[in-house]
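Student: Which chain is which? The protein sequence lines are R and G, in order. Numbered by our numbering, the letters in the first sequence go through residues 571 to 1064 in order. Numbered by our numbering, the letters in the second sequence go through residues 7 to 266 in order. Yeah, the Cβ is synthetic: ideal placement off N, Cα and C, and Gly gets one too. Before we start, here is the structure in question, set down as structure tokens.
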Amino acid sequence: MIDKEYIKVQRNEPWREELRKQLKNKERMAIPRVKMPELEAGYRSHSYEEVNLGLSLEQAVQEAKRCLDCPDPTCMTGCPVEINIPTFIKNIERNEILEAAKTLKETSALPAVCGRVCPQEKQCESQCLHLKMKSESVAIGYLERFAADYERESGSISVPKQAVSNGIKIAVAGSGPAGLSFAGDMAKYGYDVTVFEALHEIGGVLKYGIPEFRLPNDIVDVEIDLLRQMGVQFVVNCIVGKTLSYEDLHTEGFRGIFVASGAGLPNFMNIPGENLSGVLSSNEYLTRVNLMGANRKDAYTPVITGKKVAIIGGGNTAIDSVRTALRLGAEKAMIVYRRSEEEMPARIEEIQHAKEEGVIFMNLYNPIRYIGDERGRVKQMVLQKMELGEPDASGRKRPVEIPGATETIDVDEVIVAIGVSPNPLIPHEFQGLHISKKGTIVVHPDSLQTDLPDVFAGGDIMRGGATVILAMGDGRKAAAAMREMLTQSAEKKE
Amino acid sequence: MNKIVRKEILSKQVVKLEVEAPLIAHARKAGHFVIIKVGKYGERIPLTIASADCSAGTITLVIQAVGVSTQKICALNEGDYITDVVGPLGKATHIEYFGTVVCACGGVGAAPMLPIAEAMKKAGNRVITVLAARTKELIILEKELRQFSDEVIIMTDDGSYGQRGLVTAGVEQVIQREKTDLCVTIGPAVMMKFVSLLTKKYQIPTVASLNTIMVDGTGMCGACRVTVGGKTRFVCIDGPEFDAHQVDFDEMILRLKAYE
């Protein structure tokens, strides 16, 4: 819950009042929204360098002036971790950037990450007062990234305040956004946190999923280092449920377990030809490149570098995959999506970037089968043409087949990015969890506690495929609830 | 980082490594595998655990040098470290008393067969192992397999050791002479395909342990998918063992060549 009193106290601080008086709201409204400096499309479509370059100090301060410092900051209600948005933005406006970064870290374990990958236009920025007055929202995401980057580059990264260590051991399964966010909060509360990761790198989907041109691995590593400085321990190559069982964790003295093992299981469409060579999941494709470095000369993991590549799906993962295909040398990189662009779940900025880079969007098409050559490699896809019908359960217009309207298109690689299901390892190995039909772990909605009292779960293992920020929000919620449970059980004993 | 405590050369291309991995040694069962990686940008390679020593905290892996990555692993020596070892992965072999179990393995498939033969023997089964290879010097782990087998039939393509012929000839001998309740087969995909065709003819339940391409080994990538009984399954989490008579080996053989 947002602490309205705390927000009010902060807003009434003399420097904030002074700052508000410096410009009239009308003047603030008149400032145009900042444009993010970015690499030129022709260059970047062949480079793994980060596309967005970040704001300059002048740009950030100017953008911060656009924020009206509303008494009731609706933007915060749009943020799943309830970042104190006006306070951090006003700190930027008065040029106290390190203070702004500190504010971000009060509620977010990964501000440099969120500033880059959150769908701000659907969250904080969608609630900005500017929109009600027919103006573009404040670029909250750009400012968040700016403050986090500024702090990192300044070399004086602040370590959040921590309670005195209580020596109670807590285990986290998975080092993605939910696990990291949970670990950060528990470390602040004084717990002795160990994060177990199945892969050989810390970061989960932030490392294997999101490409470096959108989220450089170095940025993720800095955030992880900060958690290390807070005393969080990381163990790679350790699969909770396999390497260490639920019982093993108890024997090792862990008093609480947070399961954040993600939605690792890729969905396929189960259409003919889907198991041909050259048809692969976006998870496989992106993991080979992002985690295993298949695009590097010194890496041993291979990747198929198709010339005519189709990506099936319209989410961020699909866009990440298609832009990766371009960077791996595709001459024709296509998005095949069964609805129209309006319904695409991907961030608007990513769709825009993909278009600028030359991606072909084939909207209102759905693959129905793949055709292979004599060696079992995909050579063509047969697409069904669709049209939009009545809205479905998701509120989006339902795609309906146009009878008889099919097209056959030459491809030499197909990447299926139609979503993921929860990783089945822990649901299968931990006896006593309640598992939904979709394979997610069922939790109490307020506490995120599972049917096993010492086990909490959050992120995609509980949601079944959502966003980085929602996973982080779950981590925070679970940390608060687990702390309460452990405190209560300690009090009972006394 | 996992230390190699012992290395043995089994044949020209095959080495046996004993590797420190106490948690895996403790948790593993017959049929489980690990993924190993050498170097920061090495490839992740799935390998079945051949045996484990809980008290020493080690697992034994048998590796055949077939590509660049496996050559790199085979070149490591005692005292060297493997950058990453993770496991145990996959579902353990279903072990119970069946009666007579034929273990049909080819080449380096003898290594993953070893813990299965051991567990089958301990469950009271009569275990007959058919151990096949191209030529005598590629026959590995014969002594170890004999410990857990009532009989070992050796087959070589060139007749340089045991009988001349393919693994299927050895399996058929057993089937024709005595009641066989289960066949387990591990080896090259094409070998497993023909063992499966043979046992299907005789209606003998058969389990094949599949060795597909994998990246993460935890269900994440789907590189390992195979068609079993008309449905797509993931070898890493649904397997590695499946009803051989239901496996689409032709598709699997083509998929193994995806990165060639």
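Per DSSP, D762/R is paired with what?
Tutor: Along the first sequence, read from residue 1 onward, the residue named residue 762/R stands at position 192. For D762/R, which the question treats as bridged, DSSP gives the partners K739/R.
Student: So for M904/R, helix, strand or coil by DSSP?
Tutor: Residue numbering aside, residue 904/R sits at position 334 when the first sequence is read from its first letter. Note: M904/R maps to strand in three-state DSSP.
Student: Going by Cα to Cα distance, which pick from I985/R, I727/R, D943/R and A916/R is closest to A895/R?
Tutor: Here residue 895/R refers to the residue found at position 325 of the first sequence. Among I985/R, I727/R, D943/R and A916/R, the Cα nearest to that of A895/R is on I985/R.
Student: Could you check which residue in R636/R, V765/R and A987/R has the C-alpha nearest to that of N936/R?
Tutor: On the first sequence, residue 936/R is found 366 positions in, with the first residue counted as 1. That would be A987/R, whose Cα lies nearest to the Cα of N936/R.
Student: If you draw a straight line from the C-alpha of V201/G to the C-alpha of A58/G, how long is it?
Tutor: Numbered from 1 along the second sequence, position 195 holds the residue referred to as residue 201/G. Numbered from 1 along the second sequence, position 52 holds the residue referred to as residue 58/G. Roughly 28 Å separates the two Cα atoms.
Student: Please report the Cβ distance between G225/G and F248/G, rounded to the nearest whole angstrom; I am assuming they are in contact, meaning their Cβ atoms lie under 8 Å.
Tutor: Position 219 of the second sequence, counting from 1, holds the residue named residue 225/G. Position 242 of the second sequence, counting from 1, holds the residue named residue 248/G. G225/G to F248/G, Cβ: 16 Å. No contact.
Student: When the Cβ atoms of the segment 1037-1045 of chain R are set against those of the segment 739-750 of chain R, are three or more pairs found closer than 8 Å?
Tutor: At 8 Å Cβ cutoff, the stretches touch.
Student: Please list the partners that P94/G has in chain R, where partner means a Cβ-to-Cβ separation under 9 Å.
Tutor: Taking the second sequence and counting its residues from 1, one reaches residue 94/G at position 88. What P94/G touches in chain R: I809, K812 and T813.
Student: Please report the residue range of the beta strand (DSSP E) in which V604/R lies.
Tutor: Walking along the first sequence from the start, residue 604/R turns up at place 34. Run containing V604/R: none; DSSP gives neither H nor E here.
Student: Between the C-alpha atoms of E960/R and R908/R, what's the straight-line distance to the nearest angstrom?
Tutor: For the purposes of this step, residue 960/R is identified with residue 390 of the first sequence, where counting begins at 1. For the purposes of this step, residue 908/R is identified with residue 338 of the first sequence, where counting begins at 1. Their backbone Cα atoms lie some 14 Å apart in a straight line.
Student: Using a Cβ-Cβ cutoff of less than 7 Å, which residues in the same chain neighbour A116/G once the five nearest sequence positions on both sides are dropped?
Tutor: Position 110 of the second sequence, counted from the start, is the residue given in the question as residue 116/G. Excluding sequence neighbours, A116/G sits near L137, I146, L147 and L151.
Student: Name the chain G residues whose beta carbon is nearer than 9 Å to that of A743/R?
Tutor: In the first sequence, the residue the question calls residue 743/R occupies position 173. Neighbours of A743/R on chain G: none; closest Cβ ~12 Å, over 9 Å.
Student: Rounded to a whole number of angstroms, what is the C-alpha to C-alpha distance between T813/R and V742/R?
Tutor: The residue you call residue 813/R lines up with position 243 of the first sequence. The residue you call residue 742/R lines up with position 172 of the first sequence. When rounded, the distance between both Cα atoms is 14 Å.
Student: Quick check: is the beta carbon of Y870/R nearer than 8 Å to any beta carbon in chain G?
Tutor: Position 300 of the first sequence, counting from 1, holds the residue named residue 870/R. So, interface residue.
Student: Run through chain R and tell me which residues come within less than 9 Å of A33/G, C-beta to C-beta.
Tutor: Walking along the second sequence from the start, residue 33/G turns up at place 27. By Cβ distance, chain R contributes K812, T813, L814, S815 and D818.
Student: For R825/R, collect the residues of the same chain with a Cβ closer than 8 Å to its Cβ; drop the 5 residues on either side in sequence, then sort them by chain order.
Tutor: Position 255 of the first sequence, counted from the start, is the residue given in the question as residue 825/R. Around R825/R: I738, K739, I740, D1024 and L1056.
Student: Using alpha carbons as the reference points, say which of P194/G, K18/G, S61/G and Y103/G lies closest to M126/G.
Tutor: For this step, residue 126/G is matched to residue 120 along the second sequence. Nearest option by C-alpha distance: Y103/G.
Student: Would you call the CB atoms of A679/R and I659/R closer than 8 Å?
Tutor: On the first sequence, residue 679/R is found 109 positions in, with the first residue counted as 1. On the first sequence, residue 659/R is found 89 positions in, with the first residue counted as 1. Contact flag unset, no.
Student: Measure from the C-beta of T76/G to each C-beta in chain R and report whether the shortest distance is under 8 Å.
Tutor: For the purposes of this step, residue 76/G is taken as residue 70 along the second sequence, with counting starting at 1. No - not a single Cβ of chain R is within 8 Å of the one on T76/G.
Student: Flag this pair as touching only if the segment 860-874 of chain R and the segment 38-58 of chain G have three or more C-beta atom pairs under 8 Å; answer yes or no.
Tutor: Yes: at least three Cβ pairs fall under 8 Å.
Student: Considering only residues of the same chain and omitting the five flanking positions on each side of D1021/R, which have a CB-CB separation below 8 Å?
Tutor: As a first step, residue 1021/R must be located in the first sequence, where it is residue number 451. Hits under 8 Å: G1002, L1003, H1004 and V1012.
Student: Considering only the alpha carbon of each residue, which of M956/R, P643/R and P973/R lies closest to K967/R?
Tutor: For this step, residue 967/R is matched to residue 397 along the first sequence. Closest option to K967/R, Cα to Cα, is M956/R.
Student: Around the Cβ of Y208/G, are there at least 16 other Cβ atoms within 10 angstroms (buried) or fewer (exposed)?
Tutor: Within the second sequence, the letter at position 202 stands for residue 208/G. Looking at its Cβ environment, which holds fewer than 16 other Cβ atoms inside 10 Å, Y208/G is exposed.
Student: Just to confirm, is the Cβ distance from I874/R to A888/R under 8 Å?
Tutor: As a working mapping, residue 874/R is identified with position 304 in the first sequence. As a working mapping, residue 888/R is identified with position 318 in the first sequence. In this structure, A888/R does not lie closer than 8 Å to I874/R by Cβ.
Student: By the DSSP assignment, the beta strand (DSSP E) with G744/R in it spans what residues?
Tutor: Counted from its first residue, the first sequence places residue 744/R at position 174. Per DSSP, G744/R belongs to no beta strand (DSSP E) and is neither H nor E.
Student: Compare the C-alpha of T135/G against each of I192/G, D222/G and R50/G and name the closest.
Tutor: Position 129 of the second sequence, counted from the first residue, corresponds to residue 135/G. It is I192/G.
Student: How many Å lie between F804/R and V108/G at the Cα?
Tutor: Taking the first residue of the first sequence as position 1, residue 804/R is located at position 234. Taking the first residue of the second sequence as position 1, residue 108/G is located at position 102. Each residue's alpha carbon lies about 44 Å from the other.
Student: If you follow the alpha helix (DSSP H) that S1059/R is part of, which residue opens it and which one closes it?
Tutor: Residue 1059/R sits at position 489 when you count from the first residue of the first sequence. Unbroken alpha helix (DSSP H) run through S1059/R: V1038 to K1063.
Student: If I'm right that P536/R touches R893/R with Cβ under 8 Å, what's the distance once you round it to whole angstroms?
Tutor: Here chain R comprises residues numbered 571 to 1064, so residue 536/R is not present and cannot be evaluated.
Student: Where does Y47/G sit, in a helix, a strand or coil, going by DSSP?
Tutor: Sequence index remark: in the second sequence, residue 47/G carries index 41 (1-based). Three-state DSSP puts Y47/G in coil, outside helix and strand.
Student: Considering R636/R, what are the terminal residues of the alpha helix (DSSP H) in which it resides?
Tutor: Locating residue 636/R in the first sequence gives position 66, where the first residue counts as 1. Residues L627 to R636.
Student: List, in chain order, every chain G residue whose beta-carbon is nearer than 7 Å to that of L769/R.
Tutor: Counting from one through the first sequence, the residue named residue 769/R turns up at place 199. The contacting residues are D222.
Student: Which of the three DSSP states is assigned to N936/R in this structure?
Tutor: Here residue 936/R refers to the residue found at position 366 when the first sequence is read from its first residue. Correct three-state label for N936/R: strand.
Student: With distance defined between alpha-carbon atoms, name the residue in Q950/R, A880/R and G965/R nearest to E913/R.
Tutor: Against the first sequence, residue 913/R aligns to sequence position 343. Here the closest residue by C-alpha is G965/R.
Student: Secondary structure at R1066/R, three-state DSSP: helix, strand or coil?
Tutor: Residue coverage of chain R in this structure runs from 571 to 1064, which leaves residue 1066/R outside it and unanswerable.
Student: Expressed to the nearest angstrom, what Euclidean distance is found between the alpha-carbon atoms of V68/G and G236/G?
Tutor: On the second sequence, residue 68/G is found 62 positions in, with the first residue counted as 1. On the second sequence, residue 236/G is found 230 positions in, with the first residue counted as 1. Answer to the nearest angstrom: the Cα atoms are 32 Å apart.
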